[in-house]
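Report on the following structure.
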Amino acid sequence: MIDCAAQRPGMLLFQPPQTDAEQPAHLRYHTTRGEPQPPQAITSQPTDGIVHLARWNGASFDALAECWEHRLDVVISSGARIAALVTHYASPRSEQLHLRRTLYRAQRDPQWCVDTVRMIIDRKIGNQLALLRLYHDHPDIAWERDTPLAREASWGERYTTALRRLRACRQSLPEARSMESLRGLEGQAARVYFGSWPPLIAQSDFRRRARALADPTNLLLDLCYARLAHRTTLHLLDCGLDSAAGMLHADDDGRPSLALDLMEPLRPLIADRFCLRLIRQRHQEWFEEPGPDGRWQLTQAGWRQLNERWKAWLYGSGQRPGVDTLIAHTVHGFARWISHAEPLDLPRLR
Numbered sequence: 018m019i020d021c022a023a024q025r026p027g028m029l030l031f032q033p034p035q036t037d038a039e040q041p042a043h044l045r046y047h048t049t050r051g052e053p054q055p056p057q058a059i060t061s062q063p064t065d066g067i068v069h070l071a072r073w074n075g076a077s078f079d080a081l082a083e084c085w086e087h088r089l090d091v092v093i094s095s096g097a098r099i100a101a102l103v104t105h106y107a108s109p110r111s112e113q114l115h116l117r118r119t120l121y122r123a124q125r126d127p128q129w130c131v132d133t134v135r136m137i138i139d140r141k142i143g144n145q146l147a148l149l150r151l152y153h154d155h156p157d158i159a160w161e162r163d164t165p166l167a168r169e170a171s172w173g174e175r176y177t178t179a180l181r182r183l184r185a186c187r188q189s190l191p192e193a194r195s196m197e198s199l200r201g202l203e204g205q206a207a208r209v210y211f212g213s214w215p216p217l218i219a220q221s222d223f224r225r226r227a228r229a230l231a232d233p234t235n236l237l238l239d240l241c242y243a244r245l246a247h248r249t250t251l252h253l254l255d256c257g258l259d260s261a262a263g264m265l266h267a268d269d270d271g272r273p274s275l276a277l278d279l280m281e282p283l284r285p286l287i288a289d290r291f292c293l294r295l296i297r298q299r300h301q302e303w304f305e306e307p308g309p310d311g312r313w314q315l316t317q318a319g320w321r322q323l324n325e326r327w328k329a330w331l332y333g334s335g336q337r338p339g340v341d342t343l344i345a346h347t348v349h350g351f352a353r354w355i356s357h358a359e360p361l362d363l364p365r366l367r
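Take 18 as the starting number for the sequence shown in the numbering used here and just add one per residue.
As structure tokens, then:
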């Protein structure tokens, strides 16, 4: 028995079957989250050799690899309606199953994970640098048809300091040999990047506080990041990859950690640019006054306007191409990276 639930709740306990490859395979499972459920047996079709396993960032990669060593493919999905999953996924072997297997096996190599995450963070910092340069050197282009904000006098100094520190973080990436050190550099770069925002958006009291809803700017950023994660997750599922098989965000239980990994370079490119335009337009009527907890919310009209503008930004409107193609490009580029060892090509802000 492989106990995947010993470290974190919600993981799965299962034992790879010892049956012949020509015979139907049986997988006994139960989850540790919620009320205990009696173990159940799931039978795969002998012609397919597919085992159906309900999982959300649960079973370890080593446990999954052991299933495949017994000539079993594992179809992974979130949810607990096993009968529905079996009906939906009872299909012949496909290229997508091979892609998932390749990903899990690659992630058993810590050095491969570190190298991959290093490339992701490098492109994220590069896009942060490019976005700041765009708003500093070409504000008319950056703000498009809107009149550029009356930036505070300290913007030039903040900009110069941010560029120097971001470049230093980027140059330190090759020396980072562990996931912890890469997370540290990514967090340091994010603090420097958002530290340059107050004079840019003429909000001297702005501080980036994730998921705190502390002010309208933080609220818009959180909402846009959530929408970006949703689109990235959908593209991963469409490509056949497990959205919960992340590396940089591997410790976040119950979240689409691979989607969060791949959206990192897209944050400044897609979400931050979109938010900066909304901040410029000063839509005060979109927001409700904060309650006793200090958390801001959107009004119904604000939700409607945000959704409409996000869809136009995502899919394009008029002569403007949509940014959804950049998300698809990122996911398919990652798939080629793990399946054919092609260079990891991530979008950049030019």
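Note that CB positions come from ideal geometry on N, CA and C, so glycine has one too.
Can you check which of these residues, the options, is closest to residue i by C-alpha distance?
{"i": "W303", "options": "L323, D278 and D126", "result": "L323"}
{"i": "A243", "options": "D232, L253, R228 and H252", "result": "R228"}
{"i": "G257", "options": "S221, L149 and S356", "result": "S356"}
{"i": "C186", "options": "D341, L254, P273 and R135", "result": "R135"}
{"i": "F145", "options": "S198, P285 and D341", "result": "Per the sequence shown, residue 145 should be read as Gln rather than Phe. Checked all of S198, P285 and D341; the closest Cα to Q145 is P285."}
{"i": "A262", "options": "D255, L275 and L251", "result": "L275"}
{"i": "I344", "options": "P307, R225, E305 and I287", "result": "I287"}
{"i": "L149", "options": "Y121, L120, L180 and R122", "result": "L180"}
{"i": "E281", "options": "R294, A329, P360 and L245", "result": "L245"}
State the DSSP-derived secondary structure class of residue i, mapped to helix, strand or coil.
{"i": "D278", "result": "helix"}
{"i": "W354", "result": "helix"}
{"i": "E325", "result": "helix"}
{"i": "L265", "result": "coil"}
{"i": "H346", "result": "helix"}
{"i": "P233", "result": "helix"}
{"i": "D289", "result": "helix"}
{"i": "R125", "result": "coil"}
{"i": "R150", "result": "helix"}
{"i": "R248", "result": "helix"}
{"i": "A227", "result": "coil"}
{"i": "A170", "result": "coil"}
{"i": "E359", "result": "coil"}
{"i": "P5", "result": "Nothing in the structure corresponds to residue 5, since the chain is present only between 18 and 367."}
{"i": "P273", "result": "coil"}
{"i": "R297", "result": "helix"}
{"i": "G257", "result": "coil"}
{"i": "H155", "result": "coil"}
{"i": "R140", "result": "helix"}
From the DSSP output, read off the bridge partner residues of residue i.
{"i": "Q314", "result": "E305"}
{"i": "S334", "result": "R337"}
Assuming residue i contacts residue j under a Cβ cut-off of 8 Å, what Cβ separation, rounded to an integer in Å, is found between them?
{"i": "G319", "j": "L331", "result": "Incorrect: roughly 18 Å between the Cβ atoms, too far for contact."}
{"i": "Y176", "j": "H153", "result": "5 Å"}
{"i": "R353", "j": "E359", "result": "4 Å"}
Ignoring anything shorter than 4 residues, give me the alpha helix (DSSP H) runs that lie fully in the region 182 to 222, in order along the chain.
196 to 212 and 214 to 217
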